[in-house]
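2 protein chains.
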Amino acid sequence: MKDVASAAGVALKTVSRVVNDEPGVHPATAARVREAIDRLGYSRNESARVLRAGRTSTVGLVIEDLADPFYSALGRAVEDVVIGEGCLLLSASSSEDPARERELVRTFCARRVDGLIMVPAGHDHSYLRQELEAGTPAVFADRPPEPGLDVDTVLCDNAGGAELATRHLLAHGHRRIAFLGDDPSIFTAARRLHGYRSAMGHLYDERLVAMRTPTPGSVRADLERMLLLDRPPTALFTGNGRVTVTALRALEGRRMALAGFDDFELADLLAPGVTVVAQDPAGMGRIAAELLFRRLSGDDAPSRHVTLPVRLIPRGSGELPP
Amino acid sequence: MKDVASAAGVALKTVSRVVNDEPGVHPATAARVREAIDRLGYSRNESARVLRAGRTSTVGLVIEDLADPFYSALGRAVEDVVIGEGCLLLSASSSEDPARERELVRTFCARRVDGLIMVPAGHDHSYLRQELEAGTPAVFADRPPEPGLDVDTVLCDNAGGAELATRHLLAHGHRRIAFLGDDPSIFTAARRLHGYRSAMGHLYDERLVAMRTPTPGSVRADLERMLLLDRPPTALFTGNGRVTVTALRALEGRRMALAGFDDFELADLLAPGVTVVAQDPAGMGRIAAELLFRRLSGDDAPSRHVTLPVRLIPRGSGELPP
DNA sequence: ATCCTGGGTGACAACGTTGTCTGCCTCACC
DNA sequence: GGTGAGGCAGACAACGTTGTCACCCAGGAT
């Protein structure tokens with residue numbers, strides 16, 4: 001900028017004015033400055049501007065895995081809002097590791113991001129309190145904060161969706177419906193189990209429930225175990241997209257009624273099509289980002305908690321008879 | 001930092017030394033400073049450090065679409081390398097729009113990212129030259145720069161892969177093999193057409209080729225047109241993952257031999273499984289990031305051009321008889 | 001006692017911006 | 001001709017760091 005100033009024969013501040021379209025610069029002077037800018041290929045150093053301004057126009061996103069379709073759709077929606085607000089997005093994957101998440105958040109905050117959007121891993125986010133008090137707002141998506149931590153939150157109707165899917169299977173005559181979930185310490189997994197359980201009512205049978213981190217091996221084992229029961233399941237409700245896909249592989253073509261939580265690409269092309277409860281990851285990302293920017297524009301209302309609806313998409317697999 | 005200094009009764013510079021683990025601070029002093037840091041909840045302002053140091057420890061990633069499985073896998077691999085190097089990743093989607101891409105690159109450069117990794121859209125990246133000369137290295141992934149622009153590049157063996165898939169269909173007795181590609185101005189689409197064409201040799205028939213941006217409508221129309229020919233195709237080679245999926249829907253269960261470029265989740269679960277030529281997006285991202293960090297550590301050798309191998313995965317759809 | 005050495009510490013400038021304040025000049029008006 | 005207003009431009013400080021250099025002082029060598 002100094003170089004531009006001397007090249008154009010004006011003061012530093014005048015260049016700054018031109019760069020920022022501030023009023024009060026003679027058009028001729030401005031033109032001379034602009035010419036010098038083009039000639040020297042000058043571009044403003046944002047780091048310095050940020051230092052001065054105190055705002056970085058940067059938002060940090062911490063999700064479980066950038067490569068997971070659910071989270072990448074969420075991330076893309078966040079990105080669109082963030083870019084639309086003239087900001088940039090720093091993104092990182094926590095790999096469901098609380099320590100890594102904490103480290104990432106620390107790094108983001110040291111870089112003075114204006115705000116954070118995160119899919120929280122683990123159950124202790126007390127370390128966030130300091131950042132929140134320091135004025136860095138955060139929004140949680142997909143999973144809520146632990147009680148006592150007050151941040152905006154966007155969830156989907158996990159219990160309601162699970163109930164919907166389970167009732168759908170019940171309506172098609174099934175009474176023995178197995179539930180393959182995930183580690184019960186994950187909020188969404190617990191809520192979906194809850195919804196499944198309330199839909200099952202007196203038909204609930206603990207032996208038809210598997211709650212652990214799904215791997216091809218574990219899913220296969222759980223399935224085998226259940227199929228060997230006296231009264232084996234005639235239908236399967238899988239608790240998230242990953243489990244659904246793993247279970248489909250484990251079924252190896254055995255025809256069994258199936259409904260899954262989370263829609264996924266090609267669900268309609270399988271034979272039969274896979275009945276799912278679909279949530280809207282892009283909507284979740286968009287709303288989380290919008291909540292964040294509301295805070296950034298000064299909104300200090302009590303924290304908001306949004307629950308997005310889910311929707312049953314029958315495609316055939318859930319409509320098979322017992 | 002000033003506050004910490006006065007709280008600990010030392011000079012600013014001493015705090016700086018402690019924060020940076022510089023030698024030459026009395027252990028007792030250092031302890032006092034650290035205590036003050038904890039007490040005040042101080043964290044270094046990276047913006048200021050960056051301003052001073054000139055390096056931002058930030059890498060910019062511009063891809064077509066964060067939500068596309070191919071690019072999100074690439075992005076995740078880039079992220080892992082970047083974080084491993086102690087840097088952070090700014091990511092953005094160009095939506096295949098050269099103007100948006102250019103704007104994003106401009107913004108990234110104004111923020112003084114240390115380097116860029118991009119899947120280039122369009123064919124004019126002359127605007128990059130200025131940045132390159134200013135010392136911001138760039139690496140192109142998936143698609144090369146236009147001739148004359150000298151940057152490190154990671155591609156996959158597009159022509160070889162297309163040839164492999166086509167020969168595979170030929171080996172299974174097909175002579176009328178259609179090719180559904182993409183806009184021929186996209187590098188990968190053109191190279192794959194080239195590979196298909198060389199494998200077909202004298203069997204090549206222009207009427208069996210469709211090169212335009214695939215939409216459900218266009219794919220369906222192209223397919224219909226070809227099936228109405230005197231000698232209709234008995235096999236289909238689809239030029240990328242998106243086309244493959246769209247074509248599968250357009251086929252509506254009609255059994256037709258099919259091979260596709262790009263692997264995709266669930267390809268194995270369809271009936272029949274979809275034979276594909278698989279590339280390695282994560283490997284591509286990793287290598288692109290590694291090339292970038294080589295440059296950042298001072299490597300100024302002539303630009304490198306890496307071509308990654310592809311691999312045929314037969315799953316049934318490509319082995320159907322004519 | 002004087003000198004040197006070197007560990008520990010601090011003052012100061014600089015990184016590239018922008019906000020504030022001051023000053024110059026022209027023009028219209030009395 | 002003097003005066004005030006207003007458009008335009010510049011000087012300077014400050015944002016929070018870190019690199020450079022200078023300083024102080026204890027302890028050993030001369």
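In order, the protein sequence lines correspond to chains A and B. So the first sequence is numbered by full-length UniProt numbering: it starts at 1 and just counts up by one. So the second sequence is numbered by full-length UniProt numbering: it starts at 1 and just counts up by one. Cβ atoms here follow ideal geometry from the backbone N, Cα and C, with glycine treated the same way.
*Which residues share a DSSP beta bridge with L90 of chain B?*
A:L90 and B:G60
*asked:* Among B:A165, B:Y204, B:D150 and B:T188, whose alpha-carbon lies nearest the alpha-carbon of R175 of chain B?
replied: B:Y204
_Terminal residues of the beta strand (DSSP E) in which H125 of chain A lies_ = Segment: none, H125 of chain A is in no beta strand (DSSP E) and carries neither H nor E.
*Between L169 of chain B and G318 of chain B, which are expected to be in contact by the criterion C-beta below 8 Å, what is the C-beta distance as a whole number of angstroms?*
6 Å
*When the distance is taken between beta carbons, is M226 of chain B closer than 7 Å to L208 of chain B?*
yes
*Apply the 10 Å Cβ neighbour rule to N20 of chain A and answer buried if 16 or more other Cβ atoms are within range, or exposed otherwise.*
exposed
*Just to confirm, are C109 of chain A and V310 of chain A a CB contact at a threshold of 7 Å?*
no
*Spatial neighbours of T238 of chain A within its chain, please: CB distance less than 6 Å, with the 5 preceding and 5 following residues excluded, ordered by chain position.*
L180, T244, A247 and G260
*Contact list for E101 of chain B against chain A, beta-carbon separation under 9 Å*: Ordered by position in chain A, no residue passes the 9 Å Cβ test against E101 of chain B, which lies about 12 Å from the chain.
*Continuous beta strand (DSSP E) assignments of at least 3 residues falling wholly in the stretch 99-177 of chain A*: 115-118, 138-141 and 152-156
*Apply the 10 Å Cβ neighbour rule to T307 of chain A and answer buried if 16 or more other Cβ atoms are within range, or exposed otherwise.*
exposed
*Can you tell me whether DSSP reads R49 of chain A as helix, strand or coil?*
helix
_Partners in chain B for P69 of chain A, counting only beta-carbon separations shorter than 7 Å_ = P69
*Determine, using beta carbons only, whether V19 of chain A comes closer than 7 Å to chain B.*
no
*Count the C-beta pairs between the stretch 261-279 of chain B and the stretch 257-273 of chain A that are closer than 8 Å, then say yes if the count reaches three, no if not.*
yes
*Grouping DSSP H, G and I as helix and E and B as strand, with all else coil, what is H305 of chain B?*
strand
*With G260 of chain B as the anchor, note down where its beta strand (DSSP E) starts and where it stops.*
A257 to F261
*In the DSSP assignment, find the unbroken alpha helix (DSSP H) run with T188 of chain B in it and report its ends.*
F187 to M200
*Would you identify the three-state DSSP class for V274 of chain A, choosing helix, strand or coil?*
coil
*Return the chain-ordered list of same chain residues with a C-beta closer than 6 Å to the C-beta of D142 of chain A, the five sequence neighbours on each side being excluded.*
V119
*Do you know offhand how far P23 of chain A's Cα is from D300 of chain A's?*
33 Å
_Measuring only the C-alpha atoms, how far is V81 of chain B from R111 of chain B?_
20 Å
_C-beta atoms of A138 of chain B and H194 of chain B nearer than 7 Å_ = no
*What distance in whole Å lies between the Cβ atoms of V59 of chain A and D114 of chain A, which are believed to be in contact at a cut-off of 8 Å?*
6 Å
_At least three beta-carbon pairs within less than 8 Å, the stretch 30-42 of chain A to the stretch 76-95 of chain A_ = no
*asked:* Starting from R311 of chain A, trace the beta strand (DSSP E) in both directions and tell me its first and last residue.
replied: R311 to I313
*Using 7 Å as the limit for Cβ to Cβ distance, is V82 of chain A near chain B?*
no
*Could you tell me whether the Cβ of R242 of chain B comes closer than 7 Å to any Cβ of chain A?*
no
_Can you tell me whether A99 of chain A is buried or exposed? The criterion is at least 16 other CB atoms within 10 Å of its CB, across all chains shown._
exposed
_Using only the alpha-carbon positions, how far apart do I83 of chain B and E103 of chain A sit?_
11 Å
*Under 7 Å between beta-carbons, which chain B residues line up against Q279 of chain A? List them in chain order, please.*
Per Cβ cutoff of 7 Å: no residues; Q279 of chain A is ~15 Å from chain B at best.
*CB-CB length for T166 of chain B against A199 of chain B, believed under 8 Å*: 4 Å
*asked:* Alpha carbons only, please: which of B:R129, B:E85, B:C87 and B:D230 is nearest the one belonging to V105 of chain B?
replied: B:R129
*Could you name the residues of the same chain whose beta carbon sits closer than 7 Å to that of T29 of chain A, not counting the 5 residues immediately before and after it, in chain order?*
V10 and T14
_A53 of chain A, buried or exposed, once every other Cβ within 10 Å from all chains shown has been counted against 16_ = exposed
*Does the distance from the C-beta atom of P321 of chain B to that of G201 of chain B stay below 7 Å?*
no
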